[in-house]
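Mind the numbering: the sequence shown is residues 11 to 309 in the working numbering, read in order.
Glycine included, each C-beta is placed from N, C-alpha and C at the ideal position.
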Amino acid sequence: ASAQDVEEVLVKLVRLLANIAISPDAGATLAASSAVVDPLLDMLGAKRISDSEELVLNVVAAVTNLLFYDVPSNMLFQEESKQLLCRLFRPLLLESYNVEALVETARALGNLSRHADARKCMVSLRLDEILAILLDHDDRDLVFYSCGALVNLAADPECTPRLTGSTPAVEKLGKLLGDAPTDDPLLQLVAVKVLTNLSLDSQATWSATDIEAVRSALLQTIAESKELANISERQQLIELSQQLVGRLPESPDADPGSADGAAKDWFYCTAPGCGRRFGSQEKLSAHFERRHGERNAGG
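Next up, the structure:
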């Protein structure tokens with residue numbers, strides 16, 4: 011058989027394996043077998059997506075599905091395997107123009123990032139920076155799963171300083187939250203979770219521009235969410251956003267002619283749970299009296 015014929019058979023076998031791995035009983039058993047895990051890692055290391063796109067996509071999907079089972083018997087969660095996976099995933103993030111490959115890789119990193127040693131390896135390989143850069147990608151699923159990995163990285167005090175100091179994470183998360191569709195509370199919620207975890211680092215310093223951009227996006231999210239259906243994700247989004255608004259530091263006074271000063275043009279309602287913004291103090295006062303039954307003293 012030719013090499014192409016062999017690869018076509020491998021594609022079918024790995025695709026079948028990836029599908030079987032979705033079953034909890036079968037998936038956990040497969041993940042504990044070196045006869046399954048070792049060939050997957052070998053193929054991921056030997057094949058390049060530019061040459062064997064379909065095979066690599068199916069291998070990454072299979073690995074991602076197996077990583078779902080975070081149990082001691084899972085061979086992919088052995089220390090050497092986690093470090094190897096981080097190294098193998100790096101070129102996929104850097105070199106792939108295939109969105110499906112990027113999405114599957116981000117999903118896998120979300121599972122890996124539950125482990126402290128994997129997070130340390132991800133930071134050493136600058137995968138945190140790559141994930142932050144991907145936050146403004148056009149593909150919704152890629153952004154969502156990148157945020158999922160960043161939630162875990164941002165919760166680790168060993169990783170937070172790099173995210174806030176050496177990556178554009180805060181800036182891109184503020185923009186993501188401001189631009190996210192109002193009918194996608196899950197995407198908004200995971201972005202707020204990353205920001206919340208980043209804000210817990212008392213040593214981190216966010217720029218005035220980032221603080222005001224995040225504050226504006228949060229208040230906009232709160233106002234829009236209160237006008238929509240009261241589903242559980244939406245309520246959690248409102249509560250977490252309100253907590254984060256209260257935790258944000260006051261930004262330094264900005265030059266009115268700078269980008270920092272532009273955010274000062276808005277007047278925000280300070281009533282608990284509201285957060286609506288207005289273009290003038292007069293409009294804010296009228297809203298406050300009409301909506302909350304008293305005059306608002308500040309803008």
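According to DSSP, simplified to helix, strand and coil, what is residue i?
i	result
residue 107	coil
residue 13	helix
residue 277	strand
residue 2	Here the chain has residues from 11 to 309 only, and residue 2 is not among them.
residue 219	helix
residue 115	helix
residue 29	helix
residue 167	coil
residue 178	coil
residue 148	coil
residue 42	coil
residue 195	helix
residue 71	helix
residue 211	coil
Tell me which residues share the same chain as residue i and place their Cβ nearer than 7 Å to its Cβ, disregarding the 5 neighbours each side in the sequence.
i	result
residue 184	220, 223, 224, 227
residue 115	70, 99, 102, 103
residue 133	169, 172
Within 10 angstroms of its Cβ, does residue i collect 16 or more other Cβ (buried), or is it exposed?
i	result
residue 312	There is simply no residue 312 to check, as the chain begins at 11 and stops at 309 in what is shown.
residue 36	exposed
residue 198	buried
residue 142	buried
residue 128	buried
residue 22	exposed
residue 109	exposed
residue 106	buried
When you compare each of the options to residue i by their alpha carbons, which one comes out closest?
i	options	result
residue 257	112, 151, 149, 214	214
residue 150	193, 80, 106, 177	193
residue 13	65, 44, 49	65
Please work out which residues of its chain come closer than 6 Å, Cβ to Cβ, to residue i, disregarding the five sequence neighbours upstream and downstream, and give them in chain order.
i	result
residue 83	42
residue 251	202, 228, 231, 232
residue 140	103
residue 235	244, 247, 248
Quick one: what's got a C-beta closer than 8 Å to residue i's C-beta in the same chain, skipping five residues either side?
i	result
residue 32	75
Are the CB atoms of residue i and residue j nearer to each other than 8 Å?
i	j	result
residue 47	residue 20	no
residue 138	residue 167	no
residue 124	residue 195	no
residue 28	residue 71	yes
residue 155	residue 120	yes
residue 54	residue 98	yes
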